[in-house]
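K.L.:
Just dropping this structure here.
Residue numbers (the numbering used here): 229 to 890.
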């Protein structure tokens, strides 16, 4: 039999040492600390677990300590010097293992026994504009399920540390830990990467293709800027997108130690945060503080308040309800979000919202979540009795923070090293108002979105807002049923100033509710982009800005009116940034715009857009996710799995099918 050279190359010749194979071993030295009572009463799994522990190298004499499970979203394989043996998907999970190691060492020093498990996560930036995005939001539910299964599969654990950074891994971790109501749990945020000394942040850099296509960037500049955008190897992106906002929300919920969100990845203060978190987990285990002690309705309200003050990602409107649902708490509604944003001033000046475009590391140095909370406390907007993982209430933690050396040194360092006044990063309410900072989100409705929609109204270009604080745009629709066609139109001149770009069929049923940042980033960084509005039943990246309205419901494939729009329809968009009210209406298709009533009648008489269809590349996994979350309340309930509702619908369906057979 002839063997070709490629097979020989794959198999190789082998070293002599490869054929020296040990068939037995003496096993660990020592004996298990068994007792008469343990042998009689302990489950066999507990006893075999000890055999496994010493088999992996743990000393038998140290088997009686508290077992603490450290779960992380680590991706890639790092050599000991930090170089890449195998790449991760993104910087956000590249250094997670370092945090886990610091926490593990701290647990060991305290006499505990650390365990570690991994559920890695994807990169929304990497999958932008590809079918990989169809797995992004559904992944969150899957990861939360796997994380919960891992927790339950270590029955002897006393506490759980969850280490995560980015858009889906950290929300999944919070959902998983919130559901572990009888366990001590602590979140360890993975921090942020640094911006380049000379260059563009990781949000703006994602528009280099569109800017080059429109003649606004040279090939050489694109190559140079793209190389430097991620200036350090670990951490979430430098802007307050979904990754940064999720870290902020974790801290606002009380699930982290103080001043944990947005720490610089890989630096000493970041490593110390992991050790602090380990000490907090051990303290919780000793004190009987559990997830249910932290995760309360008050904690969820505090998280919503802090989200509004930071101007956070609209994706947390999907994640906070899911976290609340997992914890068995009241799930916030669109009305709850509106009321929160009406009462809470936006205080943080950060990428991508501005007005000054500071990177997230400066928010950390200016005081991060505790500093923002100090301002919110003065306004009476926080529930100070809510508990944190340190055992301190929010109020007690803020008392410590206000007088702490950490606070004064951090803020002074920002001024001395970067020359930045921390009060121009985290504003007082008075200064925020004087700077014209508006509230974070608005929920427009209208004949295009009878169930509502979402816009980060804080991120609309200020030059497009009139003296009364209202954004108005009336333009002709250009309708697309794939993101690929929409970005091609932007690059090739098919979208012009004054247009309304409409992207339909990209909600949960069509694509798994893809994120469409390549469109919003292109519009933000093109000179005419601020004069274009975007409407979609998909969602946006946390770094998206501009007049971009997403989460339109019902989605097109569920029969929503947005799926009946056609090229040339007149679209009237009005967002009141003061009252946080908005309308998106189709107002006719004639030579001139008419009224919402005319548009409503036209839409009622139409069939769906002829190009409207589920994406042919949609995986069956995502189709199943879309069906289950739709039964459970859809996007406005956080795209969760409501088991009772799902079972109820399945039973009803099976009964109906049985009746048909009879």
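Using N, Cα and C, we set each Cβ at its ideal position, and we do this for glycine too.
Just so it is clear, the structure is predicted and the values come from calculations on it, not from any experiment.
From 259, 553 and 439, pick the residue whose C-alpha is nearest to that of residue 283; which is it?
P.N.:
Against the chain shown, residue 283 aligns to sequence position 55. Out of 259, 553 and 439, 259 has the C-alpha closest to the C-alpha of residue 283.
K.L.:
Please state whether DSSP places residue 659 in a helix, a strand or coil.
P.N.:
The residue given as residue 659 occupies position 431 in the chain shown. Note: residue 659 maps to helix in three-state DSSP.
K.L.:
Quick one, which of 552, 712 and 835 has its alpha-carbon nearest residue 409's?
P.N.:
Position 181 of the chain shown, counted from the first residue, corresponds to residue 409. Answer by Cα proximity: 552.
K.L.:
Please report the Cβ distance between residue 418 and residue 378, rounded to the nearest whole angstrom; I am assuming they are in contact, meaning their Cβ atoms lie under 8 Å.
P.N.:
Position 190 of the chain shown holds residue 418. Position 150 of the chain shown holds residue 378. Incorrect: roughly 18 Å between the Cβ atoms, too far for contact.
K.L.:
Residues bridged to residue 670 by DSSP?
P.N.:
The residue you call residue 670 lines up with position 442 of the chain shown. In DSSP, residue 670 forms a bridge with 683.
K.L.:
Take the Cβ of residue 262 as the centre, count every other Cβ of all protein chains shown within 10 Å, and call the residue buried at 16 or more, exposed below.
P.N.:
Here residue 262 is taken as the residue at index 34 of the chain shown, counted from 1. It is exposed - the Cβ of residue 262 has fewer than 16 other Cβ atoms within 10 Å.
K.L.:
Could you give the DSSP three-state label for residue 237: helix, strand or coil?
P.N.:
Along the chain shown, read from residue 1 onward, the residue named residue 237 stands at position 9. It is helical.
K.L.:
To the nearest angstrom, how far is it from the Cα of residue 318 to the Cα of residue 350?
P.N.:
Walking along the chain shown from the start, residue 318 turns up at place 90. Walking along the chain shown from the start, residue 350 turns up at place 122. So the two alpha carbons sit approximately 8 Å from each other.
K.L.:
In terms of alpha-carbon separation, which member of 301, 312 and 297 lies closest to residue 956?
P.N.:
Outside the displayed range of the chain (229 to 890) lies residue 956, so it cannot be described from this structure.
K.L.:
In the structure shown, what three-state DSSP assignment does residue 700 receive?
P.N.:
Translated into positions along the chain shown, residue 700 becomes position 472. Strand at residue 700.
K.L.:
Could you pull the DSSP bridge partners for residue 492 from this structure?
P.N.:
In the chain shown, counting from the first residue as 1, residue 492 sits at position 264. In the DSSP output, where bridge partners are listed per residue, residue 492 has 420.
K.L.:
Are residue 466 and residue 579 close, meaning C-beta to C-beta below 8 Å?
P.N.:
For this step, residue 466 is matched to residue 238 along the chain shown. For this step, residue 579 is matched to residue 351 along the chain shown. Yes, the Cβ-Cβ distance between residue 466 and residue 579 is below 8 Å.
K.L.:
Please give the ranges of any beta strand (DSSP E) in the segment 591 to 659, keeping only runs that are unbroken, at least 3 residues long and fully inside the region.
P.N.:
none
K.L.:
Runs of 4 residues minimum, wholly inside the segment 452 to 525: which ones carry the alpha helix (DSSP H) assignment?
P.N.:
The qualifying runs are 470 to 480, 496 to 515 and 519 to 522.
K.L.:
If we ignore side chains and look at the alpha-carbon of each, how far apart do residue 495 and residue 462 end up?
P.N.:
Residue mapping note: residue 495 aligns to position 267 of the chain shown, counting from 1. Residue mapping note: residue 462 aligns to position 234 of the chain shown, counting from 1. If you take the alpha carbons of residue 495 and residue 462, they lie about 10 Å apart.
K.L.:
Checking 8 Å against the spacing of the C-beta atoms, do residue 483 and residue 413 come in under that value?
P.N.:
For this step, residue 483 is matched to residue 255 along the chain shown. For this step, residue 413 is matched to residue 185 along the chain shown. Yes, the Cβ-Cβ distance between residue 483 and residue 413 is below 8 Å.
K.L.:
With residue 538 and residue 847 assumed to form a contact (beta carbons below 8 Å), what rounded beta-carbon distance in angstroms separates them?
P.N.:
Taking the first residue of the chain shown as position 1, residue 538 is located at position 310. Taking the first residue of the chain shown as position 1, residue 847 is located at position 619. About 34 Å separates the two Cβ atoms, so there is no contact after all.
K.L.:
Excluding five sequence neighbours on each side, which residues of the same chain lie with their C-beta closer than 7 Å to the C-beta of residue 489?
P.N.:
By one-based count along the chain shown, residue 489 stands at place 261. Answer for residue 489: 417, 475, 476, 478, 479, 596 and 597, listed in chain order.
K.L.:
Ignore the nearest five residues each way along the sequence and tell me which others in residue 324's own chain have a CB closer than 7 Å to its CB.
P.N.:
Taking the first residue of the chain shown as 1, we reach residue 324 at position 96. So the list reads 300, 301, 302, 391, 393 and 418, once near-sequence residues are dropped.
K.L.:
With three or more beta-carbon pairs closer than 8 Å as the criterion, would you say the segment 563 to 576 touches the segment 508 to 526?
P.N.:
Between the segment 563 to 576 and the segment 508 to 526, the count of Cβ pairs shorter than 8 Å is below three; the stretches do not touch.
K.L.:
Please state whether the Cβ-Cβ distance between residue 689 and residue 623 is less than 8 Å.
P.N.:
Position 461 of the chain shown holds residue 689. Position 395 of the chain shown holds residue 623. In this structure, residue 623 does not lie closer than 8 Å to residue 689 by Cβ.
K.L.:
Whole angstroms is fine: what's the gap from residue 239's alpha carbon to residue 246's?
P.N.:
By one-based count along the chain shown, residue 239 stands at place 11. By one-based count along the chain shown, residue 246 stands at place 18. Cα-Cα distance, rounded: 13 Å.
K.L.:
Are the CB atoms of residue 709 and residue 779 within a distance shorter than 8 Å?
P.N.:
Looking up residue 779 in the chain shown gives position 551. Looking up residue 709 in the chain shown gives position 481. Not in contact: residue 779 and residue 709 (Cβ atoms no closer than 8 Å).
K.L.:
If I measure Cβ to Cβ from residue 431 and keep anything under 6 Å in the same chain, skipping five residues before and after, which residues do I get?
P.N.:
Here residue 431 refers to the residue found at position 203 when the chain shown is read from its first residue. For residue 431, where only same-chain residues beyond five positions count, the Cβ hits under 6 Å are 467, 580 and 771.
K.L.:
Which runs of the alpha helix (DSSP H) spanning at least 4 residues fall entirely within the segment 750 to 821, listed in chain order?
P.N.:
none
K.L.:
Take every Cβ of the segment 750 to 764, pair it with every Cβ of the segment 720 to 727, and state whether three or more of those distances are shorter than 8 Å.
P.N.:
yes
K.L.:
Using 8 Å as the threshold, is the C-beta distance between residue 543 and residue 429 below it?
P.N.:
Walking along the chain shown from the start, residue 543 turns up at place 315. Walking along the chain shown from the start, residue 429 turns up at place 201. Not in contact: residue 543 and residue 429 (Cβ atoms no closer than 8 Å).
K.L.:
Would you mind reading off the limits of the alpha helix (DSSP H) that contains residue 736?
P.N.:
Start at 1 with the first residue of the chain shown, and residue 736 comes out as number 508. 736 to 739 is the span of the alpha helix (DSSP H), which, as asked, contains residue 736.
K.L.:
To which residues of the same chain is residue 433 closer than 7 Å at the C-beta, ignoring the five residues directly before and after it?
P.N.:
For the purposes of this step, residue 433 is taken as residue 205 along the chain shown, with counting starting at 1. The answer, listed in chain order, is 453, 454 and 457.
K.L.:
Just tell me which of 875, 591, 481 and 442 has its CA closest to the CA of residue 525.
P.N.:
The residue you call residue 525 lines up with position 297 of the chain shown. Cα-wise, what sits closest to residue 525 is 481.
K.L.:
For the alpha helix (DSSP H) holding residue 869, just list the boundary residues, first then last.
P.N.:
Locating residue 869 in the chain shown gives position 641, where the first residue counts as 1. Unbroken run through residue 869: none, as it is neither H nor E.
K.L.:
Cα-Cα, which of 876, 341, 336 and 288 is closest to residue 384?
P.N.:
Taking the first residue of the chain shown as 1, we reach residue 384 at position 156. That would be 341, whose Cα lies nearest to the Cα of residue 384.
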